[in-house]
Amino acid sequence: MALETYRKKRNFSVTPEPQGRRAPRTGNSFVIQKHDATRLHYDFRLEMDGVLKSWAVTKGPSLIPGEKRLAVHVEDHPLEYGGFEGTIPKGEYGGGTVILWDRGTWSPIGDAHRGYAKGHLDFELHGEKLGGRWHLVRMAGKPREKRENWLLIKGDDDAARTEGDPDILDERPESVATGRKIEDVAGEEPGWSSKTGRIRKRRGGRTGATQPEERPATVSVPQPSKIKGAKKAALPDFVEPTLATLVSSAPSGERWLHEIKFDGYRLQARIEAGRVKLLTRSGLDWTKKFGKAVVSALADIPVGTALIDGELVVETSAGASDFSALQADLSEGRSDRFRFYVFDLLHLDGYDLRDVALITRKELLEKIIGGDNAIISYSGHFEENGALVLQHACRLSLEGVVSKLRDAPYRSGRNKNWVKSKCSARQEFVVAGYVPSTTSRNAIGSLILGVYDDGKLHHVGRVGTGYTAAVAESLFKKLERIRIPSTPFDERLTAEEARQVRYVRPELVAEIEFRAWTADGNLRHASFRGLRED
402 MALETYRKKR NFSVTPEPQG RRAPRTGNSF VIQKHDATRL HYDFRLEMDG VLKSWAVTKG
462 PSLIPGEKRL AVHVEDHPLE YGGFEGTIPK GEYGGGTVIL WDRGTWSPIG DAHRGYAKGH
522 LDFELHGEKL GGRWHLVRMA GKPREKRENW LLIKGDDDAA RTEGDPDILD ERPESVATGR
582 KIEDVAGEEP GWSSKTGRIR KRRGGRTGAT QPEERPATVS VPQPSKIKGA KKAALPDFVE
642 PTLATLVSSA PSGERWLHEI KFDGYRLQAR IEAGRVKLLT RSGLDWTKKF GKAVVSALAD
702 IPVGTALIDG ELVVETSAGA SDFSALQADL SEGRSDRFRF YVFDLLHLDG YDLRDVALIT
762 RKELLEKIIG GDNAIISYSG HFEENGALVL QHACRLSLEG VVSKLRDAPY RSGRNKNWVK
822 SKCSARQEFV VAGYVPSTTS RNAIGSLILG VYDDGKLHHV GRVGTGYTAA VAESLFKKLE
882 RIRIPSTPFD ERLTAEEARQ VRYVRPELVA EIEFRAWTAD GNLRHASFRG LRED
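Per my numbering: the sequence shown = residues 402 to 935.
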């Protein structure tokens, strides 16, 4: 179908939808948009030949293998439509509310053009919610029937669910771009931006989360010698960072301030006479890993010596940090999307500030950083109720909140001066093996995971979603180099658990997001976020 059909159905002087054009390149993106029009449905779109081939799935996708969902083939959409989220005015074609429910890449199994022409597309999805093998099958048409009906069917693999499992549509109703639900977009609360999904900064009042006030462009920095608690000392080579303790809910009260929890690499920036080092949380020198731009931006900070605590991230278009995107950029040698959020100052111009109150350290840091630039940003804080801040953070698809005692000193190691509350469970697991992809000879299909307990490695299941095609191939290369002939687990796996598994030396650590633990100690609804190399 050509884009002319798409354009004829829309009045672009009224609707905010993109007019679009056929793109010259051929990619492999996919999107699923939840669309509340005359009836609620899910628009399933696969990039092919420079456009988005589109199907309206009336009941939405199902993760139960063999369950057939009607998918009505509709007109091609421009690639720009894949980022659309908002409200189409009533009276216009498709009038109603749209959110970006899932996105990622797809890998055809066999020849995609031949499969599409024959009416049977066989493919794998690598999305933020959906993964594994899928089928789109064209139904035989009835006489005088104008619409083209297909069926969307999940394949039987590690990403599938059984009838007793939760429905992914109920479990994950939110937008992957902004974290909002479709009813939030249709009728937003005052103080919310429909364009970005961010909390708007409000000029007055103290109710609800607000953005930190903007800083003046230039402020004189107080001498650290005049700061209570500052001690004259040489610049240390490295300070073990403070680590936050996980809690079930964010604390409240005037003793606490709350910062957004980032999803990236924790780094310590050591600055001495314009020379910069970037150190990981374990003290590894990663200065060269992140390119010259980050180092140059830090070198421009007007200090003689400083030790700055922060986190380097890559952000989505909605402003949420994304560890998977950061990993992908590093593997591709890309550094143009890096942003370094700084949130603590341990040393300044010959003075150790670790015994200075946190709020004072942050004020000093804010002043030496000045205004945000393209790379370095001061991480502001909120002083509202912690539960409310966490609620808004989760709504924006952020990882969570770090709450800190405002008057506490900086103490290395894990302690309760800093506590973290998360929007979903996330943990690091040992990679003990993998199962090869069924669609590529040089890619993984899933990772086999374990945890150590009293020095023994125990199996906790496998993860088969959260990978792009490029990441799956990169992991395959890494794991092939450390393959071993027998299991590294202390217990014997069942025949089902060991099916098609290739074992590896337990050297790599993966960060995994998951919903819960099963009764037998396995991960439930797990998704790969990236390898931890720090």
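No residue lacks a Cβ here, since even glycine has one placed at the ideal position from N, Cα and C.
- Taken in chain order, the unbroken stretches of alpha helix (DSSP H) that lie wholly in the segment 488–575 and span 4 residues or more are 513–519, 569–572.
- Looking at the DSSP output, Thr-706 shares a beta bridge with Glu-673.
- Per the Cβ contact rule, the segment 827–841 is not in contact with the segment 454–473 (fewer than 3 Cβ pairs under 8 Å).
- By the criterion of a C-beta distance shorter than 8 Å, Arg-903 is surrounded in its chain by Gly-834, Tyr-835, Val-836, Pro-837, Leu-880, Arg-884, once the five residues flanking it on both sides are discounted.
- In this chain, the alpha helix (DSSP H) harbouring Gly-787 covers 787–796.
- Between Leu-799 and Ala-651, the CB-CB gap reaches or exceeds 7 Å.
- Taking the Cα positions, Gly-684 is about 11 Å away from Arg-667.
- Here His-527 is buried: its Cβ has 16 or more other Cβ atoms, across all protein chains shown, within 10 Å.
- When DSSP states are grouped into helix, strand and coil, Lys-768 belongs to the helix group.
- Sequence-distant Cβ neighbours of Leu-924 in its own chain, meaning closer than 6 Å and more than five residues away, are Val-861, Gly-862, Phe-915.
- Separation of Ser-463 and Glu-575 (C-alpha to C-alpha, rounded to the nearest whole angstrom) is 16 Å.
- Phe-915 sits in a strand when the DSSP states are folded into three classes.
- In this structure, the straight-line span from the alpha carbon of Leu-746 to that of Glu-584 is close to 41 Å.
- Sorting Ile-760, Gly-542, Phe-691, Arg-539 by C-alpha distance to the C-alpha of Ile-776 places Phe-691 at the top.
- Between the C-alpha atoms of Met-449 and Asn-429 there is a straight-line separation of about 7 Å.
- In the three-state DSSP reduction, Ala-645 falls in the strand class (E or B).
- Boundaries of the beta strand (DSSP E) harbouring Leu-453: 452–458, taken from the DSSP string.
- Between Glu-898 and the set Asn-550, Pro-509, Asp-559, the nearest pair of CA atoms involves Asp-559.
- Leu-727 sits in a helix when the DSSP states are folded into three classes.
- For Ser-875, the enclosing alpha helix (DSSP H) stretches over residues 870–881.
- Going by C-alpha positions, Thr-888 is about 21 Å away from Ile-913.
- Contact between the segment 635–654 and the segment 817–832 is present, with at least three C-beta pairs closer than 8 Å.
- A straight line joining the alpha-carbon of Asp-571 with that of Lys-582 spans about 11 Å.
- In this structure Ser-697 is exposed. Its beta-carbon is surrounded by fewer than 16 other beta-carbon atoms within 10 angstroms.
- In summary, Pro-886 is exposed, with fewer than 16 beta-carbon neighbours lying within 10 Å of its beta-carbon over all protein chains present.
- Around the Cβ of Tyr-443, a 10 Å sphere holds 16 or more other Cβ atoms; the residue is buried.
- One thing to note: Phe-431 has its Cβ no nearer than 7 Å to the Cβ of Leu-441.
- Collapsing the DSSP output to three states places Thr-866 in coil.
- Nearest C-alpha to Gly-533 among Gly-705, Gly-505, Gly-787: Gly-505.
- Put simply, of Gly-580, Trp-507, Thr-439, Ala-809 the residue whose alpha carbon is nearest the alpha carbon of Arg-796 is Gly-580.
- Here the segment 734–743 does not lie against the segment 806–819, with fewer than 3 beta-carbon pairs under 8 Å apart.
- Here Lys-678 is bridged, per DSSP, to Arg-671.
- Our two residues, Glu-468 and Val-831, have alpha carbons roughly 34 Å apart in a direct line.
- The shortest C-alpha to C-alpha distance from Val-802 to any of Ser-508, Ser-653, Leu-552, Leu-553 is the one to Ser-653.
- Residue state for Ala-899 is assigned as coil, using DSSP reduced to three classes.
- When beta bridges are read from the DSSP output, Ala-472 appears opposite Val-458, Trp-551.
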